[in-house]
């Protein structure tokens, strides 16, 4: 009799516990959609693109139904992942200049055409991007001056690109866009100040009047920078012994905007 009562109590206890136990919700990734309900394609990272090309490391055997692990595939995939990580790190820790364009396949809001410059110092890097649809895909990009004073790095960067404008009716098809950037960078805080001078531009009617090529400057004498902007003449100088002064104005017919 007592045995039946105990069994009955245990059965009630298990039944109550089963009814009050909460179910764990599984989180699923919800795809983003636009106003029409169409799925928005998101830009994939280099790591995600690599994973799409790699062969599977495990498969289910069609006959036995067991999971099969391919060790050789795993080793090869890992070596490719490591190579990509090293390549990405090397890119971050080097000087480069490139133009980035909006991806026409993406429906999300994107920045316009941008010119991006990447600086590197030991284990620190800084990427600077500015909206620019005129100086695109520069063929010449060079750090013509670099000097460290205390914890500050002073740089002068020269860029040159053939004019690639689509709004000039072909007038500037043989033109050139040239620009100098003066950079004052604190790698420790990773903060930089940028000052740009367009020294030649077919689109903006700027004509370089300097006799010396920026890429051939000896970095010891004063660099003279002069150009016509429309009907106005401007002249600047850069003193390598006092880089903190930046590009100093010598003369000019009007204040530049």
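Numbering (my numbering), first residue to last: 1497 to 1753.
C-beta: ideal position from N, C-alpha, C; glycine also.
Leaving out five residues on either side along the sequence, give the residues of the same chain with a beta carbon under 8 angstroms from the beta carbon of residue i.
| i | result |
| --- | --- |
| residue 1609 | 1595, 1596, 1597, 1598, 1627, 1628, 1629, 1632 |
| residue 1700 | 1630, 1694, 1725 |
| residue 1589 | 1616, 1619, 1621 |
| residue 1736 | 1641, 1643, 1715, 1716, 1717, 1718, 1719 |
| residue 1562 | 1556 |
| residue 1711 | 1636, 1638, 1640, 1654 |
Could you tell me the alpha carbon to alpha carbon distance between residue i and residue j, rounded to whole angstroms?
| i | j | result |
| --- | --- | --- |
| residue 1570 | residue 1554 | 9 angstroms |
| residue 1702 | residue 1548 | 48 angstroms |
| residue 1720 | residue 1582 | 41 angstroms |
| residue 1657 | residue 1607 | 21 angstroms |
| residue 1556 | residue 1568 | 17 angstroms |
| residue 1716 | residue 1642 | 12 angstroms |
| residue 1639 | residue 1565 | 50 angstroms |
| residue 1520 | residue 1577 | Note that residue 1520 scores a pLDDT of 41, beneath 50, so its modelled location is shaky; the value from the coordinates is reported in the next line. About 34 angstroms. |
| residue 1651 | residue 1681 | 8 angstroms |
| residue 1670 | residue 1600 | 28 angstroms |
| residue 1614 | residue 1592 | 5 angstroms |
| residue 1667 | residue 1635 | 20 angstroms |
| residue 1602 | residue 1584 | 23 angstroms |
| residue 1673 | residue 1696 | 5 angstroms |
| residue 1605 | residue 1560 | 49 angstroms |
| residue 1586 | residue 1541 | 17 angstroms |
| residue 1747 | residue 1727 | 14 angstroms |
| residue 1729 | residue 1743 | 16 angstroms |
| residue 1612 | residue 1661 | 18 angstroms |
| residue 1645 | residue 1552 | 52 angstroms |
| residue 1575 | residue 1738 | 48 angstroms |
Determine the extent of the alpha helix (DSSP H) in which residue i is found, giving its start and end residues.
| i | result |
| --- | --- |
| residue 1573 | 1567–1588 |
| residue 1652 | It is not in any alpha helix (DSSP H) - residue 1652 instead sits in the beta strand (DSSP E) that spans 1648–1658. |
| residue 1716 | Taken as a continuous stretch (DSSP letters only), residue 1716 belongs to no alpha helix (DSSP H), as it is neither H nor E. |
| residue 1547 | 1542–1549 |
Alpha carbons only, please: which of the options is nearest the one belonging to residue i?
| i | options | result |
| --- | --- | --- |
| residue 1732 | 1694, 1726, 1711 | 1694 |
| residue 1686 | 1622, 1614, 1669, 1581 | 1622 |
| residue 1692 | 1640, 1679, 1635, 1620 | 1679 |
| residue 1616 | 1543, 1739, 1688 | 1688 |
| residue 1550 | 1704, 1562, 1558, 1573 | 1573 |
| residue 1745 | 1587, 1734, 1739 | 1734 |
| residue 1684 | 1649, 1560, 1722, 1740 | 1649 |
| residue 1709 | 1729, 1675, 1741, 1584 | 1675 |
| residue 1659 | 1698, 1645, 1646, 1603 | 1698 |
| residue 1740 | 1723, 1647, 1713, 1552 | 1647 |
Provide the residue span of the beta strand (DSSP E) that contains residue i, from first to last.
| i | result |
| --- | --- |
| residue 1622 | 1620–1627 |
| residue 1555 | 1554–1556 |
| residue 1703 | 1702–1704 |
In this structure, what does DSSP give as the bridge partners for residue i?
| i | result |
| --- | --- |
| residue 1676 | 1654, 1693 |
| residue 1640 | For residue 1640, which the question treats as bridged, DSSP gives no partner whatsoever. |
| residue 1681 | 1649, 1688 |
| residue 1592 | 1614 |
| residue 1708 | Paired residue(s): none; residue 1708 is not in a bridge. |
| residue 1731 | 1722, 1747 |
| residue 1563 | 1556 |
Only counting the same chain, and skipping five residues up and downstream in sequence, which positions put a Cβ closer than 7 angstroms to that of residue i?
| i | result |
| --- | --- |
| residue 1690 | 1624, 1677, 1679 |
| residue 1543 | 1580 |
| residue 1713 | 1640, 1719 |
When you compare the CB of residue i with every CB in chain D, is at least one pair closer than 7 angstroms?
| i | result |
| --- | --- |
| residue 1561 | The structure shown contains no chain D; it is built from a single protein chain. |
Quick one: what's got a C-beta closer than 6 angstroms to residue i's C-beta in the same chain, skipping five residues either side?
| i | result |
| --- | --- |
| residue 1653 | 1639, 1677 |
| residue 1546 | 1580 |
| residue 1722 | 1705, 1706, 1731 |
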